[in-house]
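Enquirer:
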Amino acid sequence: MSHSDTQAASNASKGAEEEFTETKLPTSDQTSEARPSVGDAESDQDAAPQRVPHALDLDDGFSDELELLQYKIVVLGDGAVGKSSLLNRLCADDFQSQYKQTLGLDLFKKRIDLPGGVRVSLHIWDIGGQTIGSKMIQNYIYAAQAVLLVYDITNSQSFHNIDEWLAVVTRVFDKSPLPYIALVGNKMDLSHMRMIRPDLHQRFATDNSLASFFVSARMNDMVSAMFRRVAAELAGVALTQADIEASSQSSITARITNYEQHDPSQKSLNLAKATQANSSACTIA
Ligand SMILES: Nc1nc2c(ncn2[C@@H]2O[C@H](COP(=O)(O)OP(=O)(O)O)[C@@H](O)[C@H]2O)c(=O)[nH]1
Ligand SMILES: [Mg+2]
697 MSHSDTQAAS
707 NASKGAEEEF
717 TETKLPTSDQ
727 TSEARPSVGD
737 AESDQDAAPQ
747 RVPHALDLDD
757 GFSDELELLQ
767 YKIVVLGDGA
777 VGKSSLLNRL
787 CADDFQSQYK
797 QTLGLDLFKK
807 RIDLPGGVRV
817 SLHIWDIGGQ
827 TIGSKMIQNY
837 IYAAQAVLLV
847 YDITNSQSFH
857 NIDEWLAVVT
867 RVFDKSPLPY
877 IALVGNKMDL
887 SHMRMIRPDL
897 HQRFATDNSL
907 ASFFVSARMN
917 DMVSAMFRRV
927 AAELAGVALT
937 QADIEASSQS
947 SITARITNYE
957 QHDPSQKSLN
967 LAKATQANSS
977 ACTIA
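All the letters of the sequence shown, read from the start, carry residue numbers 697 to 981 under our numbering.
1. Excluding five sequence neighbours on each side, which residues of the same chain lie with their C-beta closer than 6 Å to the C-beta of His699?
2. What's the C-alpha gap between Arg731 and Tyr838?
3. Put Gln853 into one of helix, strand or coil per three-state DSSP.
4. Rounded to whole angstroms, what is the Cα-Cα separation between Val919 and Lys871?
5. Is any heavy atom in ligand 4 found nearer than 8 Å to the beta carbon of Ser854?
6. Ile892 and Phe855 - do their beta-carbons sit closer together than 9 Å?
7. Given 8 Å as the limit, is there contact between the segment 799-807 and the segment 863-882, that is, 3 or more CB pairs closer than that?
8. Taking only the alpha-carbon atoms, compute the straight-line gap between Met889 and Leu930 and give it to the nearest angstrom.
9. Per DSSP, Ser833 forms a beta bridge with which residues?
10. Are Arg914 and Phe804 touching if we call contact CB-CB under 9 Å?
11. Out of curiosity, what's the CA-to-CA distance linking Ser793 and Ala840?
12. My guess is that Ala878 and Ser905 are in contact by the Cβ rule of under 8 Å, so how many angstroms apart are they, rounded?
13. According to DSSP, what are the bridge partners of Ser912?
14. Which residue or residues does DSSP assign as beta-bridge partners of Ala842?
15. Anyone know if the C-beta pair for Asp917 and Asp939 falls short of 9 Å?
16. Our contact map puts Leu770 next to Asn882 with C-beta atoms below 8 Å; I'd like the distance itself, whole angstroms only.
17. Reducing DSSP to helix, strand and coil, say where Ile808 ends up.
18. Please tell me whether Glu941 and Ala927 are closer than 9 Å, where the distance is taken between their beta carbons.
19. Give a yes or no on whether the minimum CB-CB distance between Tyr847 and chain B is below 9 Å.
20. Could you check what DSSP says for Val933 in three-state terms: helix, strand or coil?
21. Give the DSSP-derived three-state secondary structure of Asn784 in the structure shown.
22. According to DSSP, is Ala863 helix, strand or coil?
23. Three-state secondary structure (DSSP) at Ile828?
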């Protein structure tokens with residue numbers, strides 16, 4: 697994780713409340729966020745992909761608190777499948793039916809309390825769908841501990857393109873252990889218009905050793921439960937079925953201030969300034 701991201705985290709994380717940040721980052725190759733993909737030269741013997749979750753080593757101002765684990769999660773998939781909607785639902789309990797394309801990437805931050813007093817901070821990178829052909833994509837994916845591959849269950853092309861998104865991820869990690877990767881079918885509220893049968897989804901997930909979720913950003917169905925599951929997997933915390941069910945029914949409260957998303961004039965906004973401007977709070981039970 698780069699200095700500027702760490703700085704953003706630091707600015708965003710002062711105070712006792714659980715906090716959420718949504719930040720616009722530069723889209724050009726001048727971004728200093730991430731470094732190029734790396735392969736692990738020592739892992740020749742590890743031909744089979746491994747999932748080795750580990751916490752980010754970030755000094756983001758939470759370091760005096762016990763048991764705070766920080767993870768980078770990258771959300772990928774074609775444009776308009778609902779990636780930004782899922783994150784706005786998670787962090788702001790907000791849903792916009794009008795489509796606003798994500799330019800480059802947006803950065804979200806979410807804290808989740810897990811059983812056993814384990815506190816997790818998720819740094820979630822919302823990648824614009826058009827970036828699949830960009831050379832920045834490997835920088836965005838670099839060092840992620842989890843990747844969510846999102847498609848729209850009413851759009852078969854978006855499902856078939858998941859193959860390509862997965863290929864991009866495996867290329868970035870090369871011979872390094874793969875992160876936790878999940879296949880996410882969104883827009884479950886439109887299941888009457890479904891183009892991808894659940895067994896097709898399941899087979900793809902099983903064949904590629906992916907976790908699997910069906911969600912609806914619109915109806916707030918399984919969104920927080922999914923992120924809770926991902927956080928628990930990364931932290932190595934076991935969730936009971938009751939816990940998962942409770943989280944999928946929990947209400948989210950949020951306060952948003954000066955929320956300016958997808959404003960092209962904000963493209964070159966200083967990251968630290970953006971973090972302060974868009975700072976808001978939300979909690980997840
Ligand atoms: N019906 C329905 N529409 C959704 C859902 N999630 C997103 N959308 C809509 O799909 C469009 C694209 O959403 P967006 O989050 O911007 O997609 P992104 O390009 O993947 O970030 C918008 O018009 C959203 O309102 C959902 O769960 N159900
Ligand atoms: Mg988007």
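Don't be surprised by glycine CBs; every beta carbon is placed ideally from N, CA and C.
Just so it is clear, the structure is predicted and the values come from calculations on it, not from any experiment.
Expert: With the structure as the only source:
1. The count along the sequence shown starts at 1 and reaches residue 699 at position 3. In this prediction, His699 scores a pLDDT of 40, lower than 50, which makes its location untrustworthy; the coordinate-derived value is nonetheless stated afterwards. Here the set comprises nothing.
2. In the sequence shown, residue 731 corresponds to position 35, counting from 1. In the sequence shown, residue 838 corresponds to position 142, counting from 1. With a pLDDT of only 31 at Arg731, under the threshold of 50, the placement of this residue in the model should not be trusted; the figure read from the coordinates follows. Between the alpha carbons of Arg731 and Tyr838 lies a gap of roughly 7 Å.
3. What you label residue 853 is simply residue 157 of the sequence shown in a count that begins at 1. Three-state result, Gln853: helix.
4. Taking the sequence shown and counting its residues from 1, the one referred to as residue 919 is at position 223. Taking the sequence shown and counting its residues from 1, the one referred to as residue 871 is at position 175. Distance between the alpha carbons of Val919 and Lys871 is about 31 Å.
5. Among the ligands in the structure shown, ligand 4 does not appear; only ligand 1 and ligand 2 can be found there.
6. Position 159 of the sequence shown, counted from the first residue, corresponds to residue 855. Position 196 of the sequence shown, counted from the first residue, corresponds to residue 892. Note that the C-beta distance between Phe855 and Ile892 is below 9 Å.
7. As far as the Cβ criterion goes, the segment 799-807 does not touch the segment 863-882, which means the pair count is below three.
8. Working through the sequence shown from its first residue, we reach residue 889 at position 193. Working through the sequence shown from its first residue, we reach residue 930 at position 234. Each residue's alpha carbon lies about 33 Å from the other.
9. Translated into positions along the sequence shown, residue 833 becomes position 137. Per the sequence shown, the amino acid found at residue 833 is Ile instead of Ser. Paired residue(s): none; Ile833 is not in a bridge.
10. Working through the sequence shown from its first residue, we reach residue 914 at position 218. Working through the sequence shown from its first residue, we reach residue 804 at position 108. No, the Cβ-Cβ distance between Arg914 and Phe804 is not below 9 Å.
11. Position 97 of the sequence shown holds residue 793. Position 144 of the sequence shown holds residue 840. Counting only the Cα atoms, Ala840 lies some 29 Å from Ser793.
12. Numbered from its first residue, the sequence shown carries residue 878 at position 182. Numbered from its first residue, the sequence shown carries residue 905 at position 209. Rounded, the Cβ-Cβ distance is 11 Å, inconsistent with contact.
13. Along the sequence shown, read from residue 1 onward, the residue named residue 912 stands at position 216. Assignment of beta-bridge partners to Ser912 by DSSP yields Asp917.
14. Along the sequence shown, one-based indexing puts residue 842 at 146. In DSSP, Ala842 forms a bridge with Ile769 and Tyr876.
15. Numbered from its first residue, the sequence shown carries residue 917 at position 221. Numbered from its first residue, the sequence shown carries residue 939 at position 243. With contacts defined as CB atoms closer than 9 Å, Asp917 and Asp939 fail to qualify as a contacting pair.
16. By 1-based counting over the sequence shown, the position of residue 770 is 74. By 1-based counting over the sequence shown, the position of residue 882 is 186. The residue you asked about is not Leu; residue 770 is Val in the sequence shown. Their Cβ separation, rounded to whole angstroms, is 16 Å, which puts Val770 and Asn882 out of contact at 8 Å.
17. Sequence index remark: in the sequence shown, residue 808 carries index 112 (1-based). Three-state DSSP puts Ile808 in a strand.
18. On the sequence shown, position 245 is the one that residue 941 refers to. On the sequence shown, position 231 is the one that residue 927 refers to. At the C-beta level, Glu941 and Ala927 stay beyond 9 Å of one another.
19. This model lacks chain B altogether, as it is built from one protein chain only.
20. As a working mapping, residue 933 is identified with position 237 in the sequence shown. DSSP places Val933 in coil when its eight states are reduced to three.
21. As a first step, residue 784 is located in the sequence shown; it is residue number 88 there, counting from the start. Note: Asn784 maps to helix in three-state DSSP.
22. Indexing the sequence shown from 1 puts residue 863 at position 167. Look at Ala863 here: in three-state DSSP terms it is helix.
23. As a working mapping, residue 828 is identified with position 132 in the sequence shown. Three-state result, Ile828: helix.
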